[in-house]
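Residue numbers (our numbering), protein chains in the order written: chain A, 1 to 112; chain B, 1001 to 1114.
Comments concern the structure below.
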Amino acid sequence: ELKVEQNPLFLSMQEGKNYTIYCNYSTTSDRLYWYRQDPGKSLESLFVLLSNGAVKQEGRLMASLDTKARLSTLHITAAVHDLSATYFCAVVLAGSNYKLTFGKGTLLTVNP
Amino acid sequence: DTEVTQTPKHLVMGMTNKKSLKCEQHMGHRAMYWYKQKAKKPPELMFVYSYEKLSINESVPSRFSPECPNSSLLNLHLHALQPEDSALYLCASSQTRTVSYEQYFGPGTRLTVT
């Protein structure tokens, strides 16, 4: 059974600070995704990571994947209030195309 | 057009009612998904349709009945639901001929069962 663990589950940051969210998964995976969800809203796709060593950046967010360590990170640089949301990582079991297993999510609050 | 639409946005139904949720996409995606999300929890996969055929059923109770009439539409028929079925129901779609299989989510239907 594929297990996906995110930490921290809750993160309160000050504006301008840097921090990293971690996503560990238990078995071999082909793909890893990061999603953002605002309260009461749907999921917005942030990054798709497909190979070992993949790194993607968008604005103040950067995601990376280490398939050997079964670890992905979402790094936040110089946080701003607009980044406040819940961030989920999701992993697809190797050999499966469709079934996403989500982490529990990280609730990020950026304070002025 | 990179949008998945869902109707209705909100639905309140009694335990004896029959209702349907609808999902539509015009991105040419051939995989479509239903997820259930409870408050402060991650989405849970319910069903996957691939090329209009049911590919995955995550042991969902029969009071939930999915239907995929064509490649753009996905329905979820609801009957005799329980209060614990109250949740946000999310539809998603993805391509099936790319490496990423990136899923695009609709805005969701917030369901309340009374």
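Glycine included, C-beta positions come from ideal geometry on N, C-alpha and C.
When the Cα atoms are used, G95/A and S51/A turn out to be separated by approximately 14 angstroms.
Neighbours of K3/A in chain B, taken as residues whose beta carbon is under 9 angstroms from its own, are absent, since the nearest beta carbon is some 12 angstroms off.
Under the rule that a run must span 3 or more residues, the beta strand (DSSP E) segments found entirely inside the region 9-89 of chain A read 10-14, 19-25, 29-37, 43-49, 55-58, 61-66 and 71-76. As the crow flies, the alpha-carbon of E58/A is around 15 angstroms from that of T20/A. Residue environment: A69/A is assigned as exposed (fewer than 16 neighbouring CB atoms within 10 Å of its CB, all protein chains considered). For T1112/B, the CB contacts under 6 angstroms within the same chain, skipping 5 residues up- and downstream, are V1012 and S1086 in chain order. Its Cα nearest to that of G16/A, the residue R60/A stands out among R60/A, L74/A, F102/A and K104/A. Leaving aside the five residues that flank M1015/B on each side, the residues in its chain whose CB is nearer than 8 angstroms to its CB run, in chain order, A1080, L1081, Q1082, P1083, V1113 and T1114. Annotation: the continuous beta strand (DSSP E) that includes L1090/B extends over A1087 to S1094. For the set N18/A, S29/A, N24/A and Q14/A, the Cα lying nearest the Cα of G105/A is the one of N24/A.
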